[in-house]
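Residue numbers (our numbering): 1 to 280.
Beta carbons: idealized from backbone N, C-alpha and C, even for Gly.
Everything on this sheet refers to the single structure shown next.
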Amino acid sequence: MIVARTVADLRAVLRERSGSIGLVPTMGALHEGHATLLRSARKTDDTVVMTIFVNPAQFNEPSDLAAYPRTEEADLALAASEGVDVVFAPDAGEVYPAGFATTVSVTGPLAETLEGAERGRAHFDGVATVVTKLLLAALPDHAYFGAKDAQQVAVIRRFVADLGIPVTIVVCPTSRDTDGLARSSRNIRLSPEERAQALAIPHALQEVTDAAASGIADTEALRARALATLEASGIHPEYVAFVDPITFAPVTAVARPVLVAIAARVGRTRLIDNTVLGGA
Ligand code: PAF
1 MIVARTVADL RAVLRERSGS IGLVPTMGAL HEGHATLLRS ARKTDDTVVM
51 TIFVNPAQFN EPSDLAAYPR TEEADLALAA SEGVDVVFAP DAGEVYPAGF
101 ATTVSVTGPL AETLEGAERG RAHFDGVATV VTKLLLAALP DHAYFGAKDA
151 QQVAVIRRFV ADLGIPVTIV VCPTSRDTDG LARSSRNIRL SPEERAQALA
201 IPHALQEVTD AAASGIADTE ALRARALATL EASGIHPEYV AFVDPITFAP
251 VTAVARPVLV AIAARVGRTR LIDNTVLGGA
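As structure tokens, then:
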């Protein structure tokens with residue numbers, strides 16, 4: 001496995017290889033969820049490139065950026081064990097050199113509601129800008145993302161289509177621990193009590209799924225059920241939203257695929273999770 005620290009080195013390595021390229025962008029602190037993305041890429045692509053870059057531009061809270069786990073040695077070991085060919089791990093100066101003055105910005109409800117509203121406008125600008133740079137650096141055939149970050153995926157699909165970037169976005173199902181909690185690099189910050197409390201999030205999603213399956217289509221009624229489950233565990237969510245999975249416009253009835261998205265703080269840790277109702 002080769003570790004490239006500059007775009008020039010990454011391109012030099014990729015020039016020597018033939019066949020398809022699969023890109024798995026990460027911010028490191030890898031867990032089983034990342035491993036499932038790497039396995040999907042490994043199955044499909046001749047060359048698997050994984051990136052590790054904790055992108056300062058997408059953090060709204062300096063304390064969140066400072067607290068973000070950095071575990072490069074363990075990340076490289078996991079990447080090697082999953083058969084990654086190339087790791088691109090640049091420093092901030094390589095991605096944002098002096099004089100950097102360009103932002104890729106998706107406008108409208110897709111980027112400005114839910115995570116965009118809670119984390120601030122700059123969050124998805126930061127994601128869109130860095131993912132554009134990573135796609136241009138590696139020029140992959142496929143890029144792999146997890147369904148847990150549903151709004152990030154929708155934003156990425158939007159700018160990839162709008163800018164005509166020649167890549168297929170592959171979305172892999174949310175990876176969950178055996179108790180149902182969505183895997184996240186932030187989970188290690190949860191105390192055992194908080195972790196138990198956090199299970200109310202997947203439970204609320206299941207409650208909504210079961211209620212929708214039993215014929216309840218009104219999303220206000222479904223939201224009330226989710227809120228009751230969360231609040232019974234002492235969780236006061238930032239949002240429980242029912243939206244179109246592509247545009248993120250609010251949906252009032254489950255008549256076609258609807259994304260149910262939850263964001264909540266458990267202790268000091270902010271968690272997100274989602275499910276899709278009505279097929280998709
Ligand atoms: O999902 C993430 O880990 C990040 O948002 C990404 C896509 C690697 C961009 O920094």
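Alpha carbon to alpha carbon, how far is residue j from residue i? Give it in angstroms, no decimals.
{"i": "L199", "j": "E193", "result": "10 Å"}
{"i": "V87", "j": "V49", "result": "6 Å"}
{"i": "L71", "j": "A98", "result": "The sequence shown places Thr at residue 71, not Leu. Roughly 26 Å between the two C-alpha positions."}
{"i": "I188", "j": "P69", "result": "9 Å"}
{"i": "G93", "j": "F53", "result": "11 Å"}
{"i": "F145", "j": "A228", "result": "31 Å"}
{"i": "H142", "j": "A41", "result": "8 Å"}
{"i": "L65", "j": "S185", "result": "13 Å"}
{"i": "D91", "j": "R265", "result": "30 Å"}
{"i": "V208", "j": "A253", "result": "13 Å"}
{"i": "L134", "j": "S214", "result": "44 Å"}
{"i": "A232", "j": "A147", "result": "27 Å"}
{"i": "A280", "j": "V258", "result": "The predicted position of A280 is uncertain, since its pLDDT is 45 and thus under 50; a value taken from the coordinates is nonetheless stated next. Distance between the alpha carbons of A280 and V258: 8 Å."}
{"i": "A297", "j": "R17", "result": "Within the shown structure, residues of the chain are numbered from 1 to 280, placing residue 297 beyond reach of any answer."}
{"i": "T102", "j": "S20", "result": "29 Å"}
{"i": "L10", "j": "Q58", "result": "23 Å"}
{"i": "M1", "j": "A122", "result": "34 Å"}
{"i": "G120", "j": "L78", "result": "32 Å"}
{"i": "I201", "j": "P237", "result": "9 Å"}
{"i": "A150", "j": "V13", "result": "32 Å"}
{"i": "S191", "j": "A263", "result": "18 Å"}
{"i": "S63", "j": "T113", "result": "23 Å"}
{"i": "A221", "j": "F242", "result": "11 Å"}
{"i": "L136", "j": "G278", "result": "36 Å"}
Taking only heavy atoms of ligand 1 into account, decide whether any of them is closer than 8 Å to the Cβ of residue i.
{"i": "Q152", "result": "yes"}
{"i": "P69", "result": "no"}
{"i": "F53", "result": "yes"}
{"i": "P202", "result": "no"}
{"i": "T26", "result": "yes"}
{"i": "F145", "result": "yes"}
{"i": "Q58", "result": "yes"}
{"i": "D149", "result": "yes"}
{"i": "V104", "result": "no"}
{"i": "V84", "result": "no"}
{"i": "V170", "result": "no"}
{"i": "V127", "result": "yes"}
Nearest chain B C-beta to residue i closer than 9 Å, yes or no?
{"i": "L76", "result": "As a matter of chain content, chain B is missing from the structure shown, which is built from one protein chain."}
Could you check whether residue j and residue i sit closer than 9 Å to each other, using their CB atoms as the reference points?
{"i": "A261", "j": "I272", "result": "yes"}
{"i": "P140", "j": "D45", "result": "yes"}
{"i": "T275", "j": "L230", "result": "no"}
{"i": "L30", "j": "D75", "result": "yes"}
{"i": "T132", "j": "F159", "result": "yes"}
{"i": "G180", "j": "H203", "result": "yes"}
{"i": "T6", "j": "A138", "result": "no"}
{"i": "V104", "j": "T129", "result": "yes"}
Quick one: does the C-beta of residue i sit closer than 8 Å to a heavy atom of ligand 3?
{"i": "V130", "result": "Among the ligands in the structure shown, ligand 3 does not appear; only ligand 1 can be found there."}
Beta strand (DSSP E) runs wholly inside the region 227-253, at least 3 long, in chain order:
239-243
Between the region 36-56 and the region 163-176, can you find at least three pairs of beta-carbon atoms closer than 8 Å?
yes
Sequence ranges, alpha helix (DSSP H) only - wholly within the region 77-106, length at least 4
92-95
Validate contact between the region 108-120 and the region 235-252 using beta carbons, cut 8 Å, 3 pairs
yes
Beta strand (DSSP E) segments (min. 3 residues) lying fully within the region 116-167
142-146
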